[in-house]
Every structure is written in C-alpha cells, then in structure tokens.
Amino acid sequence: MRIAIVGAGSIGLAVAWRAAQAGAEVVVHDPEPGSGASRVAAGMIAPVTEAHYGEEALGPFMAESADAWPDFARELEAASDLEIGFRDLPTLLVGVEDGDRAEIDRQLELYRYSARNVEALTARAARKVEPLLSHRVRGGVLAPEDRAVDPRAVHAALLVAAERAGVATVAERVEDLATLDADQVVIAAGCGSARFAGAAGSRTGTCDEDALAGSARWTLPVRPVRGAVLRLRAVGDQPTPRTTVRGYVKGHSVYIVTRQSGEVVVGATSDERGFDRLTGTAGAVHDLLRWSIELVPEIVEYHLEEVSVGFRPGTPDNLPLIGRLDERTVAATGHYRNGIALIPATARSVAALLAGEGAGPPKAFDPLRFSENGDRSVGRIEGMAQRPGTPFAGAPESIVPAGSDSPDPRSVSGPSDPGDKRPNGNPEEGDS
Ligand code: GLY
Numbered sequence: 001m002r003i004a005i006v007g008a009g010s011i012g013l014a015v016a017w018r019a020a021q022a023g024a025e026v027v028v029h030d031p032e033p034g035s036g037a038s039r040v041a042a043g044m045i046a047p048v049t050e051a052h053y054g055e056e057a058l059g060p061f062m063a064e065s066a067d068a069w070p071d072f073a074r075e076l077e078a079a080s081d082l083e084i085g086f087r088d089l090p091t092l093l094v095g096v097e098d099g100d101r102a103e104i105d106r107q108l109e110l111y112r113y114s115a116r117n118v119e120a121l122t123a124r125a126a127r128k129v130e131p132l133l134s135h136r137v138r139g140g141v142l143a144p145e146d147r148a149v150d151p152r153a154v155h156a157a158l159l160v161a162a163e164r165a166g167v168a169t170v171a172e173r174v175e176d177l178a179t180l181d182a183d184q185v186v187i188a189a190g191c192g193s194a195r196f197a198g199a200a201g202s203r204t205g206t207c208d209e210d211a212l213a214g215s216a217r218w219t220l221p222v223r224p225v226r227g228a229v230l231r232l233r234a235v236g237d238q239p240t241p242r243t244t245v246r247g248y249v250k251g252h253s254v255y256i257v258t259r260q261s262g263e264v265v266v267g268a269t270s271d272e273r274g275f276d277r278l279t280g281t282a283g284a285v286h287d288l289l290r291w292s293i294e295l296v297p298e299i300v301e302y303h304l305e306e307v308s309v310g311f312r313p314g315t316p317d318n319l320p321l322i323g324r325l326d327e328r329t330v331a332a333t334g335h336y337r338n339g340i341a342l343i344p345a346t347a348r349s350v351a352a353l354l355a356g357e358g359a360g361p362p363k364a365f366d367p368l369r370f371s372e373n374g375d376r377s378v379g380r381i382e383g384m385a386q387r388p389g390t391p392f393a394g395a396p397e398s399i400v401p402a403g404s405d406s407p408d409p410r411s412v413s414g415p416s417d418p419g420d421k422r423p424n425g426n427p428e429e430g431d432s
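To convert, note that position 71 of the sequence shown is 71 in the UniProt record's numbering; the numbers rise steadily by one, no gaps.
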C-alpha cells in the first residue's frame, strides 16, 4: 500500500514510522518538518494533570498512550540512536492561595476518576517531594505516573527512525490531496489541516472551494490556540526541580518541566486570535516568569534562553480528529494540548486503521462528527463503520451521499492560507 502523509510533525512522522514498519510505502509531505507545535511543546505526558472536565472521552486514550510511552521511547531511541529525554519524574500540582487550593481540590475529584495513582499532599509533604517549592505553596497533588519527554528530541529521532524504516520526505506544501500519488492519504497537518475539505461522494479531499461548491462535505474544524513558552537553563551547580511542577497561582495555570540537560521549560499562555501575533510579548514573558517564580523561587537565577510561540490545534470539543474521512483519506490531527502525549496511541491506532488490523481510533474521535450538522452519513463508506479494527481492504467502494447541503454551523474553519501567516509555526506540521 502507498501512503502519503501531509505533515511531518511528530504525529505525522510517528504514523509514517509505524505504517512503514507494517510494510507500507510511505511519503511524508512538509515544507519544513519540525517547525510547528512539536518545536514549542513542553512534552508533558500527563493523563492525570492534563485531564479536564468535559474531556472525559480522552481519558482511556491518554492512559493507553501514557502506558505505551516507556516502550515507545526505548524503541525510538534504539531505532534512531538518539536520546529523546524521556524522564520518569513525577508531577506535582500545587496552589498558592485559598482559591488555588480550592481549584486543586476540584481537579482532584476528576483525577480520581482516572483510576490512576494520585495522592493529595499537605504543603509540608509537597515540599518534601520537591524541596525547591516556595514556602507560599498551600499543598497539592502528586501524580507519580505523569511524566515528560523532550519534544524536539522526539521529533529529531522520529525523522531518523522513519527514514531508516524507508519513509521518504518531500519538502513541499500540499494544496490538493488529489495530486498525491497514493492509495491512502493521512492528514496530520495540525492547524494547517483546516484548509482541507472533501465533497461527499468524492474519493479525495481538496482545498479547492470551487470543486466543493454546492456539495455536502467533510471539514476539519481545527483552530489555532496560541501558546507562549519560555526555555530557561540552570547553569553550574544551580539546583533544578526534581519533579514536573504544575500550579495555580492566583487563578493562573503554569507548568515547569525540567530536562536532564538543565533546560527548564515554563509554559504556557493560551489565547485565541487566529494566527495573529507570532512573537512572544513582554506581558507573556512577565506573566510566565512571575507565576513560575512564585512556585519555584530558584527560577529567578536561571538564564532565559528562548521565548517561543506556537499554535495548539484545537477542535470544537477539544478532542482530536482521528479516523476515516472518506475511502482514501484519514485524519490524525486536532490533538490540542496533548499531541506529544498522544503520539504512541495515535500512531498505533492510525496504522491499525490503515492496515485493517487491530483496534483503530476511538469512536469519540471520529473526524466526521462535525461535518454537515453531525450527519454521520456524509463521506462514510457504506458498510464501513468507524469502529476499531474495521478492515479497509474489504470495504465496498460506494459512499453514502450527503443528506444535506448546508454547511455545519459548528464548524470552525482556519484561514484559507494559514501558511502565509505562520513563519513561527509550520501549518504542515502536526500536533502537539
Ligand atoms: N500541554 C500543555 C499546553 O498545551 O500548554
């Protein structure tokens, strides 16, 4: 099988690697691999502390992926001969004021549903776990299985591992999926995925609005959620946190992720203004430093090395879009805050979907759920449900025609050409 993948971010490359390992001929298309969300992400693998009310459907997939990460990391390092900075450090979530403490208690209720290991801590116990915590901290929660990895190192390793497995990379931006010479196409272009749409009844997606005029269609409602992140460095014998520290500081959320190398990542702001404003503002730097220093005063001594801004690929329900769009096209995008955490499970499930073997992506991530007022018949291949393990090879050719021509009012489309506006975030590149 010949597979074309749009987007050489970490998701696209991991899918490519797994598909090539399964025997497919894979080509990845991206004008600038690694310049998107993977470049900015902090790399938390946090099925507990990244859980949010309203996103419960993500829980089992996050858990699967987090559990797969240790073996995935070992396999990737062996396949690439590169280290990826996977660290088995626990995560500590703390608060500094009564309101912050109350927020943590509220979160703790949700975390307990995850059936993963969580422990409520007094301030004293929290400081015992993390001696660099400020004395202002009012207690928190320990999540021993929430870990972290270095996303830039992961991306570099995936490039090597994929290439060694036979994956070819083409440095080009794809405008029309129909031009790709492939049996199957995977859209893993992060925020740039929104430019593709497909007419129900056609075999391929396109960016060509004229070609779609008047037809019912599938869309990929991925929107950019901007985040600024700081990279600092501890030098000499400056101590660094021995946990990933997350916290609420007077209602503001901040995280501090420490790497073996002494790099300390502080993130992240979150706002939605399309692809506007590509550089970090003084205000963002000020806020992130102020909040992180309130939690870990030692940060004031570190060297500030980098301010980066990226775009999380968000969807209307904050769940990813993973699954089949039409008989030739598969989505693996919209991972919002959890692209790095979800690499192993996304790669496994999309490779399974393409091969027609094993469990495919969860139904909750069905990428057609926002198309045509949620009419799931649009673009669906008759007899081929979006359920795990449905073999592609046996699927009939016909596609159920659309029931309605009206556009989906819930769809949120990105700008027609986000690439023109994203020097600091490659729209071809996947999610993180
Ligand atoms: N997952 C961390 C963030 O989105 O900032």
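Beta carbons: idealized from backbone N, C-alpha and C, even for Gly.
A123 versus L93: straight-line alpha-carbon distance, rounded
11 angstroms
Problem set entry | CA-to-CA distance, H286 to L232, given in whole angstroms | 14 angstroms
inquiry  = Please state the DSSP three-state secondary structure of T243.
reply    = coil
So, are the CB atoms of D183 and R2 less than 8 angstroms apart? yes
Please tell me whether V96 and E294 are closer than 8 angstroms, where the distance is taken between their beta carbons. yes
- request: Take E83 and list the residues in its own chain whose beta-carbon comes closer than 7 angstroms to its own, dropping the five residues that flank it on each side.
  value: E77, A153
Discussion item. G314 and V186 - do their beta-carbons sit closer together than 8 angstroms?
Written reply: no
Q. E145 and A42: beta carbons closer than 8 angstroms?
A. no
Requested in this report: Please specify which runs of the alpha helix (DSSP H), each continuous and at least 4 residues long, are wholly inside the region 126-212, giving them in chain order.
Outcome: 151-164, 209-212
Please determine, among A148, R273, L325, I340, the residue with the shortest C-alpha to C-alpha distance to S371.
L325
Using a Cβ-Cβ cut-off of 7 angstroms (strictly less than) and excluding sequence neighbours within five positions of residue 485, which residues of its own chain qualify?
Here the chain covers residues 1 to 432 and nothing more, so residue 485 does not appear.
Original post:
What span of residues does the beta strand (DSSP E) with Y255 cover, start to end?
Top reply: 252-258
Is the beta carbon of R106 sitting closer than 8 angstroms to the one on G139? no
Handout entry: Beta-carbon contacts of S270 that lie in its chain and below 8 angstroms, excluding the five residues immediately before and after
Key = V225, R226, G227, R312
Three-state secondary structure (DSSP) at D98?
helix
inquiry  = Using the Cβ count rule (16 or more neighbours within 10 Å means buried), how would you classify T240?
reply    = buried
What's the gap between the Cα of D98 and the Cα of W291? 16 angstroms
Cα-Cα, which of F365, S35, S38, A161 is closest to Q21?
A161
Could you give the C-beta distance for A234 and V264, rounded to a whole number, given that I count them as a contact under 8 angstroms?
6 angstroms
State whether the region 334-348 contacts the region 47-60, with contact taken as three or more CB pairs (one from each stretch) at a distance under 8 angstroms. yes
* For the region 283-356, list the beta strand (DSSP E) runs that are entirely contained and at least 3 residues long, ordered along the chain. => 303-314, 321-324, 329-333
For A120, the residue or residues it bridges with in DSSP:
V141
task: Compare the Cα-Cα distances from A199 to each of L289, A178, G262, R87 and report the closest residue.
output: A178
Exercise. Under a three-way DSSP split, which group does V378 fall into?
Worked result: Unreliable placement is indicated for V378, whose pLDDT of 37 sits below 50; the coordinate value is still reported in the next sentence. In the structure shown, V378 sits in coil (DSSP, three-state: anything other than H, G, I, E or B).
request  = Could you tell me if the beta carbon of R2 falls within a distance shorter than 7 angstroms of some heavy atom in ligand 3?
outcome  = This structure does not include ligand 3; its bound ligands are ligand 1.
Any heavy atom of ligand 1 within a distance shorter than 7 angstroms of the CB on N338? yes
Just grab the DSSP bridge partners of V26 for me.
-> I3
Practice prompt. Kindly indicate the opening and closing residues of the alpha helix (DSSP H) around R74.
Written response: 59-80
**Message:** Just to confirm, is the Cβ distance from L58 to L319 under 8 angstroms?
**Reply:** yes
**Item:** Assigned secondary structure, R369 (DSSP; H/G/I helix, E/B strand, else coil)
**Value:** coil
(request) Taking all protein chains shown into account, decide if D366 is buried (16 or more other Cβ within 10 angstroms of its Cβ) or exposed. (result) buried
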